[in-house]
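Going by my numbering, the first residue of the sequence shown is number 93, and it counts up by one from there. Using N, Cα and C, we set each Cβ at its ideal position, and we do this for glycine too. Just below is one structure, and these are the notes that go with it.
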Amino acid sequence: MQIINPHLLNVLVVLLYILLFGGLSLVRQEGLSTRFALESLALGGLIVGASLAAGAPASPVLVLVALYLVTMRSRWLAELGTLVGRQGRFGLAQSLYSLALRLWPDTAARRIALLNRGALWVKAGNPQRAREVLEPLLQEEDLSPRHAAAAHYNLGIAYERLGQGDRAVGHFNAAIEALPGSLYALGAEAALRRRRKGAAPPAEPQAPKEDKEDEG
Numbered sequence: 093m094q095i096i097n098p099h100l101l102n103v104l105v106v107l108l109y110i111l112l113f114g115g116l117s118l119v120r121q122e123g124l125s126t127r128f129a130l131e132s133l134a135l136g137g138l139i140v141g142a143s144l145a146a147g148a149p150a151s152p153v154l155v156l157v158a159l160y161l162v163t164m165r166s167r168w169l170a171e172l173g174t175l176v177g178r179q180g181r182f183g184l185a186q187s188l189y190s191l192a193l194r195l196w197p198d199t200a201a202r203r204i205a206l207l208n209r210g211a212l213w214v215k216a217g218n219p220q221r222a223r224e225v226l227e228p229l230l231q232e233e234d235l236s237p238r239h240a241a242a243a244h245y246n247l248g249i250a251y252e253r254l255g256q257g258d259r260a261v262g263h264f265n266a267a268i269e270a271l272p273g274s275l276y277a278l279g280a281e282a283a284l285r286r287r288r289k290g291a292a293p294p295a296e297p298q299a300p301k302e303d304k305e306d307e308g
């Protein structure tokens with residue numbers, strides 16, 4: 093005996109998916125993405141409509157997988173880029189970031205891809221390219237504290253590698269101010285202590301991670 097119509101169950105799955113990831117965006121102070129909600133509703137409606145026409149309801153698990161792969165495409169591509177970047181495959185990582193940025197990402201996903209791209213340039217030993225990616229990001233309106241802290245930390249390391257100590261210190265302090273107590277702030281505090289001791293920057297500077305989305 094069916095407790096709930098399977099097609100209605102899939103509608104509920106779509107709505108819960110939107111609420112869950114929308115809520116996570118609010119918790120992360122990234123704001124609500126209208127594009128994410130519209131894409132989820134459109135794809136969910138297409139799946140439910142097709143299953144109604146076929147007379148065979150889709151599996152709720154498959155609905156969730158389809159929603160994630162499509163609506164989070166830029167995020168998981170950026171995460172994949174981060175993964176291969178850690179293995180030293182910088183060219184492939186940058187290609188994945190480029191693809192993530194071309195697939196019509198929402199604002200939060202675009203910023204995540206840019207943050208990870210900037211951090212990878214630092215790790216690859218090209219601080220100038222990192223600066224070119226991250227400086228414009230800090231000029232954007234409504235940048236979340238977490239993203240601002242990540243950008244400032246990576247820029248601090250980049251300017252340190254460029255020999256511009258004053259700018260590096262300014263960005264480290266800005267990272268601490270943007271999100272006190274975060275891993276980015278802790279990394280910035282450690283960098284400032286290291287500078288006061290006159291120690292050299294690490295050979296492969298890499299910003300700490302607040303979560304899996306923002307490499308540093």
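{"Check": "Within 7 Å, strictly: CB atoms of A152 and N218", "Outcome": "The identity of residue 152 in the sequence shown is Pro, whereas the question assumes Ala. For P152 and N218, no; Cβs fall outside 7 Å."}
{"Check": "CB contact flag (G248, L226, <7 Å)", "Outcome": "no"}
{"Check": "Burial state of L212, where buried means 16 or more other Cβ atoms lie within 10 Å", "Outcome": "buried"}
{"Check": "Beta-carbon proximity of E252 to A241, cut-off 7 Å", "Outcome": "no"}
{"Check": "Spatial distance of N208 from I96 (CA atoms)", "Outcome": "43 Å"}
{"Check": "Environment of T163 [buried if 16+ CB atoms lie within 10 Å]", "Outcome": "buried"}
{"Check": "Same chain, Cβ closer than 7 Å to A216, neighbours up to 5 away in sequence not counted", "Outcome": "F182"}
{"Check": "Own chain partners of E131 with C-beta closer than 6 Å, once the 5 adjacent residues on each side are dropped", "Outcome": "T163"}
{"Check": "Distance between L138 and H244 (C-alpha atoms, nearest Å)", "Outcome": "42 Å"}
{"Check": "V106 versus L133 - alpha carbon distance", "Outcome": "7 Å"}
{"Check": "Beta-carbon proximity of A250 to R287, cut-off 7 Å", "Outcome": "no"}
{"Check": "S38 in three-state terms, based on DSSP", "Outcome": "The requested residue 38 does not occur in the structure, where the chain is confined to residues 93 to 308."}
{"Check": "Status (buried if at least 16 other CB within 10 Å, exposed otherwise) for A267", "Outcome": "buried"}
{"Check": "Start and end residues, alpha helix (DSSP H) containing R209", "Outcome": "T199 to K215"}
{"Check": "Beta-carbon gap between A205 and A185 smaller than 7 Å", "Outcome": "no"}
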